[in-house]
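Q: Let me give you the structure first, and then I'll get to my questions.
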Amino acid sequence: MVIIDELPCRFVEGIGFRKFCKVMQPKFTPVPSRQTITREVVAIKDYERGKLKKLLKGRKICLTTDTWTSIQNLNYMCLTAHIIDDDWKLQKRILNFCQIEDHKGVTIGKKIELLLLEWTVDGIFTMTVDNASSNATAIEYLKRKTMDWKRTVLAHEYIHMQCCAHILNLIVVEGLKDMSESILRVRDVVRYVRSSPHRMETFKKCVEKEKVNSKQIVCLDMCTRWNSTYLMLEVAIKFEKAFQRMGEEDSSFIKFFGIKEGDEDLSLEGDGDQGGSHSHWVPTPRQATVPNKLDWKKCGLFVTFLKLFYDATKKFSVSLFVTSNVFFHELFEVETRIDESILSRDSFMSKMAIEMKRKFETYWGNVEKFNPLLYVTVALDPRYKLRLVKFCYTRSKGKAVGEKMEKQVKDVLNKLYDFYEKEGEVRQNVSSASSMPRVMEENEDCDRRLNLASEFDTYLLEEYSSVCSSEVDKYLGNLCERRDSPDFDILVWWKNNSNKYPILSKMAHDVLAMPVSTVASKSAFSTGGRVLDPFRSSLLPSMVETLVCGF
Numbered sequence: 013m014v015i016i017d018e019l020p021c022r023f024v025e026g027i028g029f030r031k032f033c034k035v036m037q038p039k040f041t042p043v044p045s046r047q048t049i050t051r052e053v054v055a056i057k058d059y060e061r062g063k064l065k066k067l068l069k070g071r072k073i074c075l076t077t078d079t080w081t082s083i084q085n086l087n088y089m090c091l092t093a094h095i096i097d098d099d100w101k102l103q104k105r106i107l108n109f110c111q112i113e114d115h116k117g118v119t120i121g122k123k124i125e126l127l128l129l130e131w132t133v134d135g136i137f138t139m140t141v142d143n144a145s146s147n148a149t150a151i152e153y154l155k156r157k158t159m160d161w162k163r164t165v166l167a168h169e170y171i172h173m174q175c176c177a178h179i180l181n182l183i184v185v186e187g188l189k190d191m192s193e194s195i196l197r198v199r200d201v202v203r204y205v206r207s208s209p210h211r212m213e214t215f216k217k218c219v220e221k222e223k224v225n226s227k228q229i230v231c232l233d234m235c236t237r238w239n240s241t242y243l244m245l246e247v248a249i250k251f252e253k254a255f256q257r258m259g260e261e262d263s264s265f266i267k268f269f270g271i272k273e274g275d276e277d278l279s280l281e282g283d284g285d286q287g288g289s290h291s292h293w294v295p296t297p298r299q300a301t302v303p304n305k306l307d308w309k310k311c312g313l314f315v316t317f318l319k320l321f322y323d324a325t326k327k328f329s330v331s332l333f334v335t336s337n338v339f340f341h342e343l344f345e346v347e348t349r350i351d352e353s354i355l356s357r358d359s360f361m362s363k364m365a366i367e368m369k370r371k372f373e374t375y376w377g378n379v380e381k382f383n384p385l386l387y388v389t390v391a392l393d394p395r396y397k398l399r400l401v402k403f404c405y406t407r408s409k410g411k412a413v414g415e416k417m418e419k420q421v422k423d424v425l426n427k428l429y430d431f432y433e434k435e436g437e438v439r440q441n442v443s444s445a446s447s448m449p450r451v452m453e454e455n456e457d458c459d460r461r462l463n464l465a466s467e468f469d470t471y472l473l474e475e476y477s478s479v480c481s482s483e484v485d486k487y488l489g490n491l492c493e494r495r496d497s498p499d500f501d502i503l504v505w506w507k508n509n510s511n512k513y514p515i516l517s518k519m520a521h522d523v524l525a526m527p528v529s530t531v532a533s534k535s536a537f538s539t540g541g542r543v544l545d546p547f548r549s550s551l552l553p554s555m556v557e558t559l560v561c562g563f
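Residue numbers for the sequence shown follow the working numbering, so the first one is 13 and each next one is one higher.
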């Protein structure tokens with residue numbers, strides 16, 4: 013309870029908690045002290061750490077890392093591992109939440125190397141980070157220092173994965189710049205309505221008079237979280253007529269926003285770039301202003317457009333489901349929608365889409381710069397395989413590009429397959445070499461029938477290897493699975509087909525664990541930094557890590 017609910021250890025010494033314990037179980041005495049709880053929390057963390065160490069043993073892991081700051085300006089780093097376990101369940105585990113000297117790339121890289129050595133991890137598959145230059149430096153450091161680790165894949169050629177949620181965030185922020193004035197005006201009227209119960213009651217009466225068919229309530233956003241801005245606008249535009257009626261009938265509303273008598277319609281319907289057409293009153297940046305018709309129109313268009321980014325960010329940021337295989341779908345949808353908006357007859361939408369397209373091209377415009385594993389995950393989805401990549405690029409960029417991309421993705425798929433096939437042979441040879449003396453001793457007294465059985469086993473291995481060499485072609489040559497099943501689970505599919513595709517399934521085991529976002533969904537929409545809350549900031553760094561990693 014202390015760990016999950018983020019309660020201080022002294023909570024158990026409170027009068028209320030002790031009375032609660034006495035009522036629930038009078039024999040529960042003595043109630044533990046804060047010192048006892050502290051020791052128990054540390055013990056839980058150590059126990060969970062031991063379990064996690066066993067889970068990570070002998071695996072390639074996908075990592076995410078992000079940096080935090082306490083309110084005392086102490087620097088922290090969070091290191092998280094993502095794997096698929098033996099039951100084909102996706103696991104996400106925070107390895108460390110520790111203090112670091114600064115947020116420089118080399119500092120981060122050295123710390124991660126040290127932590128992974130403590131965990132006895134011997135293979136990094138991918139590392140997902142945001143686009144800060146320090147993260148690129150950290151990855152370059154890790155590539156050099158871990159190149160010779162036992163389970164390194166293809167000399168870390170595909171280790172660097174960009175946080176897709178962060179890039180989407182940057183694209184949306186670019187669109188918000190052109191919307192800033194209209195958003196401020198809608199925020200002003202929403203803040204007015206939410207500022208007191210009396211104003212809310214007045215607003216509800218206006219809603220009833222306008223017969224607005226919605227049970228939702230207007231909500232104020234947080235400026236650093238664009239999803240809350242999206243949700244605020246989505247609800248507010250449904251009540252446009254109610255806000256307009258308040259501007260016509262509610263004297264407090266009229267006085268607060270400085271609407272002159274006889275100018276109500278002008279203030280609500282004037283030019284959106286000028287704050288109304290009345291020349292005798294020009295609002296200052298600090299002066300609350302009512303939205304006009306053009307503002308409401310802009311917000312309506314923007315909400316429709318923004319929903320795509322909102323849904324995509326949520327899909328990228330889930331932690332209990334595979335996210336890598338949905339990236340390509342969302343990327344193509346986002347690019348298509350932006351391109352359509354550029355051609356829009358509405359000049360506002362077209363201008364905004366052009367700015368967002370420019371930001372899109374910066375990060376995702378050159379397909380050659382993508383981490384190819386993002387395409388491999390699509391190929392390993394039995395509902396799409398290589399056909400979706402070819403179809404999408406043929407549709408958007410022409411047949412030649414579509415065929416080129418199909419070939420490139422297949423080449424990477426085969427390259428990975430060859431690596432996993434050789435890796436399996438090496439392990440098998442090592443295992444055979446270690447057991448050879450025992451086998452030879454046992455075979456000294458074996459009859460011909462046992463020798464024949466041994467030869468048959470060798471024959472089966474050779475036959476099996478020849479079949480495995482064509483796994484990629486066999487998999488890609490089969491028909492795609494049906495896409496209309498809402499219960500389709502890609503991990504369950506690979507689990508059920510692991511005997512049919514033994515090497516490909518090992519690839520899928522690692523590739524599908526790869527996250528495309530470094531943050532949880534509640535943080536993915538934030539345009540602000542990551543700051544520890546006051547409670548955790550007040551603790552010793554060691555206790556912060558204990559509480560974060562103990563559950």
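From the three backbone atoms N, C-alpha and C, an ideal C-beta is built for every residue, glycine too.
CA-CA distance, I564 and K63?
A: No information on residue 564 is available, as it lies outside the stretch 13 to 563 that the chain covers here.
Q: Out of L86, E415, Y242 and Q420, which has the shortest C-alpha to C-alpha gap to S554?
A: It is L86 whose Cα lies nearest to the Cα of S554.
Q: Hey, how far is the Cα of G377 from the Cα of L180?
A: Looking at the two C-alpha atoms, the distance is approximately 13 Å.
Q: Residue ranges of each alpha helix (DSSP H) run of no fewer than 4 residues wholly in the segment 83-165, ordered along the chain?
A: For the segment 83-165, whole alpha helix (DSSP H) runs of length 4 or above, ordered along the chain, are 117-130 and 145-157.
Q: What is the rounded straight-line gap between the Cα of I96 and the Cα of N337?
A: So the two alpha carbons sit approximately 14 Å from each other.
Q: Considering only C-alpha positions, which residue in the set T140, L166, I49 and K31 is nearest to M519?
A: The shortest Cα separation from M519 among T140, L166, I49 and K31 belongs to L166.
Q: Would you mind reading off the limits of the alpha helix (DSSP H) that contains D200?
A: That run of the alpha helix (DSSP H) goes C176 to R206.
Q: Is there contact between the segment 233-253 and the segment 302-316, where contact requires at least three CB pairs shorter than 8 Å?
A: Cβ pair count under 8 Å is three or more, so yes.
Q: Note the first and the last residue of the continuous beta strand (DSSP E) segment covering C74.
A: I73 to T81 is the span of the beta strand (DSSP E), which, as asked, contains C74.
Q: My parser needs the alpha helix (DSSP H) runs of 4 or more residues fully inside the segment 347-416; what are they?
A: Taking only runs of at least 4 residues, the alpha helix (DSSP H) segments lying wholly in the segment 347-416 are 359-376, 385-391 and 397-409.
Q: In the DSSP assignment, find the alpha helix (DSSP H) that holds I229 and state where it starts and stops.
A: Careful: I229 lies outside any alpha helix (DSSP H) and carries neither H nor E.
Q: Between the C-alpha atoms of P20 and T48, what's the straight-line distance to the nearest angstrom?
A: Each residue's Cα considered, the two are about 13 Å apart.
Q: Contact defined as beta carbons within less than 8 Å: I believe R6 pairs with V43. What is the distance between those atoms, to the nearest angstrom?
A: Here the chain comprises residues numbered 13 to 563, so residue 6 is not present and cannot be evaluated.
Q: Go ahead and pull the three-state DSSP assignment for M173.
A: Strand, per DSSP.
Q: Could you check where the alpha helix (DSSP H) with G62 kicks off and where it finishes?
A: It spans R46 to L68 - the alpha helix (DSSP H) in which G62 sits, taken as one unbroken run.
Q: Quick one: what's got a C-beta closer than 6 Å to M191's C-beta in the same chain, skipping five residues either side?
A: Same-chain partners within the cutoff: F314.
Q: In angstroms with no decimal places, state the Cα-to-Cα distance between I183 and M368.
A: Whole-angstrom Cα-Cα distance: 5 Å.
Q: What is the DSSP secondary structure of S444, counted as helix, strand or coil?
A: Confidence at S444 is low in this model, with a pLDDT of 46, below 50, so its placement is unreliable and the value that follows should be read with caution. Helix, per DSSP.
Q: How big is the Cα-Cα spacing for D423 and L398?
A: Those two C-alpha atoms are separated by around 11 Å.
Q: DSSP three-state label for R494, please.
A: Coil, per DSSP.
Q: Could you tell me which of E435, T76, A93 and L488 sits nearest to H178, measuring between CA atoms?
A: The residue with the shortest Cα to Cα distance from H178 is T76.
Q: Please confirm if the segment 118-137 is in contact with the segment 150-169, defined as three or more CB-CB distances below 8 Å between the two stretches.
A: The segment 118-137 vs the segment 150-169: in contact.
Q: What residue from E186, M139, H94 and S145 has the CA that sits closest to V118's CA?
A: Nearest C-alpha to V118: S145.
Q: Under the three-state reduction of DSSP, which class applies to V35: helix, strand or coil?
A: Looking at V35 - three-state DSSP - the assignment turns out to be helix.
Q: Using only CA atoms, which one of G187, F109, T149 and C311 lies nearest to C561?
A: Comparing Cα positions, the closest option is F109.
Q: Do the segment 56-74 and the segment 489-508 make contact, defined as three or more Cβ pairs closer than 8 Å?
A: Touching, no.
Q: Assign A55 to one of two classes, buried (16 or more other C-beta atoms within 10 Å of its C-beta) or exposed (fewer than that).
A: By the 10 Å Cβ count, A55 comes out exposed.
Q: Within this structure, are the beta carbons of Y396 and E483 separated by less than 8 Å?
A: Result no, Cβ atoms of Y396 and E483 do not sit closer than 8 Å.
Q: Is DSSP giving Q420 helix, strand or coil here?
A: In the structure shown, Q420 sits in a helix (DSSP, three-state: H, G or I).
Q: Starting from I502, trace the alpha helix (DSSP H) both ways and give me its first and last residue.
A: That run of the alpha helix (DSSP H) goes I502 to N508.
Q: Where does Y513 land, buried or exposed, given buried means 16+ other C-beta within 10 angstroms?
A: Flag for Y513 reads buried.
Q: Hey, could you find the ends of the alpha helix (DSSP H) M13 is sitting in?
A: No alpha helix (DSSP H) holds M13; DSSP gives it neither H nor E.
Q: Please report the distance separating the alpha-carbon of C480 from that of G410.
A: Annotation note: pLDDT 45 at C480 (below 50); position unreliable, no value reported.
Q: So the candidates are L107, C90 and M212; which of them puts its Cα closest to the Cα of W131?
A: The candidate whose alpha carbon is nearest that of W131 is L107.
Q: What are the boundary residues of the alpha helix (DSSP H) that includes R257?
A: Unbroken alpha helix (DSSP H) run through R257: E252 to E261.
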